[in-house]
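Since the structure comes first, as structure tokens, the remarks are kept for the end.
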DNA sequence: GACGTTGATTGCACAAACTGAAATCAATGA
DNA sequence: TCATTGATTTCAGTTTGTGCAATCAACGTC
């Protein structure tokens with residue numbers, strides 16, 4: 003019946019941390035403070051999160067599962083990079099599109115602190131690896147898989163950057179298409195001869 | 003004449019840290035230990051480096067200056083991405099090519115520790131921004147500049163990854179050309195129609 | 001040659017991030 | 001009834017990182 007503790011300790015810690023980081027910044031917030039607001043102890047915080055940064059990155063693994071799911075579900079006839087961007091579009095529709103405000107505030111928190119930016123970059127790298135693994139599962143060689151996954155994530159970052167800007171109001175799905183188009187244009191802009199190694 | 007202290011404290015700290023990280027790993031090495039081996043104190047370590055990770059990233063800023071220098075020096079007629087890869091080739095020739103062994107050991111140390119990987123990613127992001135700034139200086143709009151710089155860094159990472167593998171013996175310059183070619187192939191592999199947004 | 005300034009280094013005291021180990025105690029189920 | 005489970009707590013400890021004042025050889029100036 004009556005549980006021994008208030009439910010959802012993890013959620014309370016995440017919410018408390020989000021509020022405090024937004025109010026007074028990441029550095030000026032201590033783990034003790036977060037835990038106190040959530041009605042828990044510092045030690046409990048570290049039972050749930052490996053470190054102070056990690057509390058902001060709960061959605062990451064969900065997004066990763068979603069993308070990989072979409073990617074393996076997607077028809078194998080599509081060129082790899084298109085398949086990746088398709089999966090990103092589907093996952094973004096499912097998880098980002100309706101939460102623009104929250105996602106944006108979260109990015110502002112991260113943008114305001116170098117440590118958090120580092121962690122964000124690491125999460126993106128892990129996601130890149132997961133996508134590359136899925137592509138290898140489709141038969142791509144490891145090199146191409148990783149390069150394709152990286153290019154896909156580059157498209158994702160470009161699109162999300164615009165999506166979180168005040169002036170922008172178009173759906174993330176469209177911005178992903180645009181970013182892919184931009185990357186293609188930049189990559190195709192010249193022939194290889196300019197950078198060929200001299201007399202190999 | 004006789005200096006008050008042994009010369010090059012920074013260099014001694016870097017060397018001591020490099021050795022200890024290689025011997026026993028990053029986590030199992032304390033700052034006190036590094037400082038002791040360098041004949042200095044912990045406090046002095048933190049006078050020179052903002053944190054424990056930073057001691058491994060001294061060359062980063064040099065490489066950044068070198069690339070930007072090459073980039074602004076390079077003829078403005080070249081397509082942006084080609085100019086970036088050209089600059090990377092020049093900088094790599096000047097700073098990496100003859101130190102393969104050291105660079106490789108350094109990457110092994112970084113690969114063995116998540117915290118160091120995060121810092122490495124941050125340095126790459128900073129380098130990306132510096133390249134983008136140089137491209138804006140050439141008249142590119144900010145969006146394209148950042149995307150081009152990111153694509154260039156993707157080429158760089160792909161090339162360096164191969165360069166540090168045991169089987170590989172070709173010069174980094176060539177691997178950069180190859181990686182650029184791979185990226186172009188992947189990007190060009192299909193038309194945009196597949197990912198166009200449905201009935202906007 | 002006296003003398004003030006500079007600057008790399010140090011000692012000390014301290015906040016905050018993390019960790020390992022043992023203890024608590026409602027809930028659960030056999 | 002009773003052993004087990006598991007989220008939470010307490011506590012003691014290590015390590016990272018910082019602020020501040022002090023040291024003292026070297027250096028330039030008068």
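Residue numbers (our numbering), protein chains in the order written: chain A, 3 to 202; chain B, 3 to 202. Quick reminder that beta carbons are idealized off the backbone N, C-alpha and C, glycines included. Note that the structure is predicted; figures quoted are calculated from it, not measured.
So, is the C-beta of residue 56/B closer than 9 Å to a C-beta in chain A? Your numbering for residue 56/B matches position 54 in the second chain. No, its Cβ sits nowhere closer than 9 Å to a Cβ of chain A.
Run through DSSP, which three-state label would residue 154/B get? On the second chain, position 152 is the one that residue 154/B refers to. Here residue 154/B sits in helix by DSSP.
Proximity below 9 Å, CB of residue 95/A to CB of residue 175/A: Within the first chain, the letter at position 93 stands for residue 95/A. Within the first chain, the letter at position 173 stands for residue 175/A. Cβ atoms of residue 95/A and residue 175/A: closer than 9 Å.
Can you find at least 3 beta carbon pairs, one from the segment 149-161 of chain A and one from the segment 128-137 of chain A, that sit closer than 8 Å? yes
Terminal residues of the continuous alpha helix (DSSP H) containing residue 95/A? One-based indexing of the first chain puts residue 95/A at position 93. Taken as a continuous stretch (DSSP letters only), the alpha helix (DSSP H) holding residue 95/A covers 82-97.
Quick check on the DSSP output: the alpha helix (DSSP H) that includes residue 171/A runs from which residue to which? Within the first chain, numbered from 1, the residue matching residue 171/A stands at position 169. Note, residue 171/A: premise wrong, no alpha helix (DSSP H); not H, not E.
For residue 144/B, does the count of other Cβ atoms within 10 angstroms reach 16, so buried, or fall short, so exposed? Counting from one through the second chain, the residue named residue 144/B turns up at place 142. Exposed, by the Cβ-count rule.
What residues from chain A crowd round residue 168/B, counting only those whose CB sits closer than 9 Å? Sequence index remark: in the second chain, residue 168/B carries index 166 (1-based). Under the 9 Å cutoff, chain A gives no residues; its nearest Cβ is about 15 Å from residue 168/B.
Determine the DSSP secondary structure at residue 183/B, reduced to helix, strand or coil. Working through the second chain from its first residue, we reach residue 183/B at position 181. Helix, per DSSP.
Counting only beta-carbon atoms, is residue 36/A nearer than 9 Å to chain B? Here residue 36/A refers to the residue found at position 34 when the first chain is read from its first residue. It does not; no Cβ of chain B falls within 9 Å.
Should residue 158/A be flagged as near chain B, meaning a C-beta pair shorter than 9 Å? Reading the first chain from its first residue, position 156 is the one you call residue 158/A. Chain B, which has no Cβ nearer than 9 Å to the Cβ of residue 158/A, makes this no.
Given a cut-off of 9 Å, decide if residue 156/B and residue 185/B are closer than it, judged by their beta-carbon atoms. In the second chain, the residue the question calls residue 185/B occupies position 183. In the second chain, the residue the question calls residue 156/B occupies position 154. Cβ atoms of residue 185/B and residue 156/B: closer than 9 Å.
Please go through the same chain and pick out, in chain order, the residues whose beta-carbon is closer than 7 Å to the beta-carbon of residue 51/B, but skip the five residues on each side of it. Against the second chain, residue 51/B aligns to sequence position 49. Here the set comprises 57.
Helix or strand or just coil, what does DSSP make of residue 42/A? Reading the first chain from its first residue, position 40 is the one you call residue 42/A. If DSSP states are grouped into helix, strand and coil, residue 42/A belongs with coil.
Kindly indicate which residue of 188/A, 106/A and 87/A has the alpha-carbon position closest to the one of residue 169/A. Taking the first chain and counting its residues from 1, one reaches residue 169/A at position 167. Nearest option by C-alpha distance: 106/A.
Taking CB distances under 9 Å as the criterion, tell me whether residue 124/B reaches chain A. Working through the second chain from its first residue, we reach residue 124/B at position 122. Taking Cβ atoms only, chain A reaches closer than 9 Å to residue 124/B, which makes this a yes.
If you reduce the DSSP assignment to three classes, tell me which class residue 50/A lands in. Here residue 50/A refers to the residue found at position 48 when the first chain is read from its first residue. DSSP places residue 50/A in helix when its eight states are reduced to three.
In angstroms, rounded to a whole number, what distance separates the CA positions of residue 179/A and residue 161/A? On the first chain, residue 179/A is found 177 positions in, with the first residue counted as 1. On the first chain, residue 161/A is found 159 positions in, with the first residue counted as 1. Residue 179/A and residue 161/A: Cα-Cα distance of roughly 8 Å.
Excluding the 5 residues flanking residue 177/B on each side, which residues of the same chain have their C-beta closer than 6 Å to its C-beta? Taking the second chain and counting its residues from 1, the one referred to as residue 177/B is at position 175. Only 161, 164 and 165 meet the Cβ criterion.
Kindly list the residues whose CB is nearer than 8 Å to the CB of residue 33/A, restricted to its own chain and excluding five residues on each side of it in sequence; keep chain order. As a working mapping, residue 33/A is identified with position 31 in the first chain. The answer, listed in chain order, is 44, 47, 48 and 54.
Whole-angstrom distance between residue 8/B and residue 108/A, CA atom to CA atom: On the first chain, residue 108/A is found 106 positions in, with the first residue counted as 1. On the second chain, residue 8/B is found 6 positions in, with the first residue counted as 1. Distance between the alpha carbons of residue 108/A and residue 8/B is about 48 Å.
Cα-Cα, which of 100/A, 129/A and 18/A is closest to residue 86/A? The residue given as residue 86/A occupies position 84 in the first chain. Nearest C-alpha to residue 86/A: 129/A.
Just to confirm, is the Cβ distance from residue 1/B to residue 28/B under 9 Å? The question about residue 1/B has no answer, for chain B in this structure spans 3 to 202.
According to DSSP, is residue 139/B part of a helix, a strand, or is it coil? Within the second chain, numbered from 1, the residue matching residue 139/B stands at position 137. Three-state DSSP puts residue 139/B in a helix.
Secondary structure at residue 77/A, three-state DSSP: helix, strand or coil? Residue mapping note: residue 77/A aligns to position 75 of the first chain, counting from 1. Three-state DSSP puts residue 77/A in coil, outside helix and strand.
CA-CA distance, residue 89/B and residue 13/A? Numbered from its first residue, the second chain carries residue 89/B at position 87. Numbered from its first residue, the first chain carries residue 13/A at position 11. Near 48 Å, if we compare the C-alpha coordinates of residue 13/A and residue 89/B.
Among the residues of its own chain, which have a CB less than 8 Å from the CB of residue 82/A, if the five just before and after it don't count? Position 80 of the first chain holds residue 82/A. Excluding sequence neighbours, residue 82/A sits near 137, 140, 142, 146, 147 and 150.
For the segment 174-193 of chain B, list every residue whose C-beta sits within 8 Å of some C-beta in chain A, in sequence order. 175, 176, 178, 179, 181, 182, 183, 184, 185, 186, 188, 189, 190, 191 and 192
Leaving out five residues before and five after residue 35/B in sequence, what residues of the same chain have Cβ atoms less than 8 Å from its Cβ? For the purposes of this step, residue 35/B is taken as residue 33 along the second chain, with counting starting at 1. Answer for residue 35/B: 22, listed in chain order.
Per-residue burial, residue 101/B [other beta carbons within 10 Å of its own, 16 or more giving buried]: Within the second chain, the letter at position 99 stands for residue 101/B. With a threshold of 16 other beta carbon atoms within 10 Å, residue 101/B falls short and is exposed.
Please list, in chain order, the chain B residues whose beta carbon lies closer than 7 Å to that of residue 152/A. Numbered from its first residue, the first chain carries residue 152/A at position 150. Correct list: 156.
Closer than 9 Å to chain B by CB, residue 120/A: For this step, residue 120/A is matched to residue 118 along the first chain. Output row for residue 120/A: interface = yes.
Reduced DSSP secondary structure (H/G/I, E/B, other) of residue 114/A: Walking along the first chain from the start, residue 114/A turns up at place 112. Coil, per DSSP.
As assigned by DSSP and simplified to three states, the class of residue 13/B: Within the second chain, the letter at position 11 stands for residue 13/B. In the structure shown, residue 13/B sits in a helix (DSSP, three-state: H, G or I).
8 Å Cβ shell around residue 66/B - same chain, five flanking residues per side excluded: By 1-based counting over the second chain, the position of residue 66/B is 64. Counting only Cβ-Cβ distances below 8 Å, and skipping sequence neighbours, we find 128, 129 and 132.
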